[in-house]
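Following: one structure in structure tokens, then a few remarks.
Number of protein chains: 2
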Amino acid sequence: MAQLIDDVFAAALGNPYLDQKNDQAVIDLPEALSQKKGRLILSTDSFVISPLFFPGGDIGSLAVHGTVNDLAMSGGTPLYLTAGFILEEGFPLADLQKIVHSMAQAAEEAGVQIVTGDTKVVEKGKGDGLFINTAGVGVVPQTLSLSGDKLQVGDAVLINGTIGDHGISILSQRDALGFETEIKSDSSALNGLIADMIESAPDIHCLRDPTRGGVAATLNEVAQQSGVGIVLQEKALPLKSAVIGACELLGIDPLHSANEGKVLAFCPAAQAEALLACMRQHPLGQEAALIGHVIDDPHHFVQMETSFGGRRIVDWLVGEQLPRIC
Amino acid sequence: MAQLIDDVFAAALGNPYLDQKNDQAVIDLPEALSQKKGRLILSTDSFVISPLFFPGGDIGSLAVHGTVNDLAMSGGTPLYLTAGFILEEGFPLADLQKIVHSMAQAAEEAGVQIVTGDTKVVEKGKGDGLFINTAGVGVVPQTLSLSGDKLQVGDAVLINGTIGDHGISILSQRDALGFETEIKSDSSALNGLIADMIESAPDIHCLRDPTRGGVAATLNEVAQQSGVGIVLQEKALPLKSAVIGACELLGIDPLHSANEGKVLAFCPAAQAEALLACMRQHPLGQEAALIGHVIDDPHHFVQMETSFGGRRIVDWLVGEQLPRIC
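Residue numbers (the numbering used here), protein chains in the order written: chain C, 51 to 376; chain Y, 51 to 376.
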């Protein structure tokens, strides 16, 4: 079994680092670091999504996108990933092959390398098919220091496209829910888009990907961290009609639905138009929108101006809307 | 639940990196790297050990030691860890607190920082209490390039102490086996010992920690990688009498039993005495021994000269002796 698994990984992911076959990968210093222009960025995520295959991706591509995006949110460049697999005994090798192939493809598209990995097997009934952890390393220029505590009153809030697609896509796959939709997960690597964004709006204060908990959770987090309020314009929110329909059916707020290929950007109002134009030129930002702005608010509320002219609080969701969404 | 977990981690592990509360940790470049004297090292391991608590450690300390050791086997310095937790719903918070505390202590003792983390929860019956992934980053001097393919005929083979303790300790805890022993796991961070070893024997060709599969698996791996044979002296193997007893009872070869605080060193014979003396001066090397040497062998066999004067092949174990040993 161990040999088979090794073969699967070597075939799909083989590169000079993995081929070192040592306990660790040894990597020459990225140019930006060796010239002392940058700092290291580190991130990790475990992926326990159910089902493993879903419209728009699978646990393998998601595990690459998720960590690439967490690194990219610093404004920096993701470079290397590690991968840890926890397999339940009896997991079909054909599925593993598909998933590892999908990781390899996602890594190639994102321009990162999976340089070292590990596999553990647990007994049947002690896992659930496959869990994947990825950790990532990258480099961010000394000149950038994006952070959730840097929002300023007046900042514009932008997003690169439609909200809630991943969450609704996964929900549609759960047997118990029994509804069908054409919605695909938006799972994708955002580092290319973000590199463009940083160039067009170098004073971006913060970038965040609204994954678990959705746009609502992320906005509440950064409002708290920065000690500000945020007001959204409901009319401005990019939403697929199928997502609106599914959310109405299920009684879910799309702002609570997870995204895996979206970035929220907070930047000075003066740079917002340039940033929006830049985002719309990228394939992953064609439906980008300016959805709100940062206000002074001692309560650090996130509010929404509704289409009917009222205002409502956009709260954190109490509890997890859906376990194992990523 | 998410809030509780965050509190547990913040209380035990809090440091300026974790406190950034962003999707990624941003780290100033280690001095050795910024002076262009080093290369990056990366490693990852998932830990699925059962039981979670065992004599000599728990899954938390093990998860730190395991990745610290994988990094240290390059001869370099482990610096930063990431931690990913997969919790089964209903896992006792008190146990989580103990385990995270134990991670924090192990990290402090090893001189590394846990800079970023992630937690996922799966439904009851879809996990087994707690799985932990750690990934690590470190730096290795440009002048060192230890590797499993660098063994030379004539090299001495050394180990820093008794063989098989971890495996037998875990076996003794499994209900089904119902035997009792005083054997503690040897789980420990070897980076301090290894720093001393590199200083005393700068021409070490390779360091490896004989974890899963034990000393036998590791020796066979490096013999294959380097295209050489290895001969062990049975009389020279450091073994606790309780381990010998348990192995006889269970029909296990201690060379197949896992270790979590042992390093196998392969160095030119001329440096072996100095290296052995250095190892014995370190608290984790007091029972260090020169256990064999590298020979020319087109079959790349690992053999053992037995106490009775014969020779036997020390083979890989077919299949895993014991699932979830780490």
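The C-beta atom is built at its ideal place from N, Cα and C for all residues, glycine as well.
DSSP, reduced to helix, strand and coil, places leucine 90 of chain Y within a strand of the structure shown. Excluding the 5 residues flanking it on each side, alanine 292 of chain Y has same chain C-beta neighbours closer than 7 Å at Thr231, Glu232, Ile233, in chain order.
The stretch 279–286 of chain C makes no contact with the stretch 160–178 of chain C; the number of CB pairs closer than 8 Å stays below 3.
About 5 Å separates the beta carbons of glycine 125 of chain Y and isoleucine 248 of chain Y, which is inside the 8 Å limit, making them a contact pair. Residues of the stretch 218–250 of chain C with a C-beta atom less than 9 Å from some C-beta of chain Y do not occur.
Within the stretch 267–294 of chain C, those residues whose Cβ lies closer than 9 Å to any Cβ of chain Y are, in chain order, Glu271, Gln275. Taken residue by residue, none of the stretch 345–359 of chain C has a beta-carbon sitting less than 9 Å from a beta-carbon on chain Y. Scanning chain C for C-beta atoms nearer than 8 Å to the C-beta of serine 93 of chain Y yields Asp73, Gln74, Ala75, Thr132, Thr166, reported in chain order.
Remark: C-beta atoms of valine 344 of chain Y and glutamine 353 of chain Y do not approach each other more closely than 9 Å. For arginine 262 of chain C, the closest of C:Ile294, C:Lys312, C:Lys285, C:Cys297 by C-alpha to C-alpha distance is C:Lys312.
What aspartate 120 of chain Y touches in chain C, judged by beta-carbon distance under 7 Å, is Asp73, Gln74, going in chain order.
Serine 307 of chain C has a beta carbon lying at 9 Å or more from every beta carbon in chain Y.
Taking every protein chain shown into account, the CB of alanine 324 of chain Y has fewer than 16 other CB atoms within 10 angstroms, so this residue is exposed. Within chain Y, the C-beta atoms nearer than 7 Å to that of glutamate 173 of chain C come from Pro373, in chain order.
Within chain Y, not a single residue places a beta-carbon under 9 Å from that of phenylalanine 104 of chain C; the smallest gap is close to 17 Å. Contact of serine 152 of chain C with chain Y by beta-carbon distance below 7 Å is absent, the smallest such distance being about 19 Å. Taking a C-beta distance under 9 Å as the contact criterion, valine 58 of chain Y and valine 150 of chain Y qualify as a contact pair. Valine 165 of chain Y has its alpha-carbon roughly 14 Å from the corresponding atom of arginine 89 of chain C. Selection Y:Gln275, Y:Leu372, Y:Cys317, Y:Ala245 evaluated against histidine 306 of chain Y yields Y:Leu372 as nearest (Cα-Cα). Residue pairing from DSSP places glutamine 353 of chain Y in a beta bridge opposite Y:Val281, Y:Ile363. Minimum Cα-Cα distance from asparagine 72 of chain C among the listed residues Y:Gly64, Y:Ser93, Y:Leu63, Y:Asp78 corresponds to Y:Ser93. Straight through space, the alpha carbons of serine 152 of chain Y and isoleucine 55 of chain C are spaced by roughly 32 Å.
Residues of the stretch 179–207 of chain Y whose Cβ lies closer than 7 Å to any Cβ of chain C, in chain order: Phe181, Asn183, Ala185, Val187, Val190, Ser197, Gly198. With three or more CB-CB distances shorter than 8 Å, the stretch 121–138 of chain Y counts as touching the stretch 182–189 of chain Y.
Boundaries of the alpha helix (DSSP H) harbouring threonine 268 of chain Y: 264–276, taken from the DSSP string. In the displayed model, alanine 322 of chain C falls within a helix according to three-state DSSP. For alanine 185 of chain C, the uninterrupted beta strand (DSSP E) run begins and ends at 180–191, by DSSP. Excluding residues up to 5 positions away in sequence, Leu269, Ile280, Leu282, Leu314, Ala315, Phe316, Leu340, Ile341, Gly342, His343, Val344 lie with their Cβ nearer than 8 Å to the Cβ of valine 207 of chain Y in the same chain. Taken through DSSP and simplified to helix, strand or coil, leucine 102 of chain C comes out as coil. The bridge partners DSSP lists for glutamine 163 of chain Y are Y:Tyr130. Against serine 111 of chain C, chain Y offers no close residue; the least beta-carbon distance is about 18 Å (beta-carbon pairs closer than 9 Å).
Beta-bridge pairing by DSSP links lysine 170 of chain C to C:Ile136. Secondary structure at serine 96 of chain C: strand, using DSSP grouped into helix, strand and coil.
Among the bridge pairs identified by DSSP, leucine 257 of chain Y is matched with Y:Ala315. A direct Cα-Cα distance of roughly 47 Å separates leucine 112 of chain C from lysine 290 of chain Y.
Judged by beta-carbon spacing, alanine 160 of chain C lies beyond the 9 Å limit of histidine 216 of chain C, meaning their Cβ atoms are not closer than that value.
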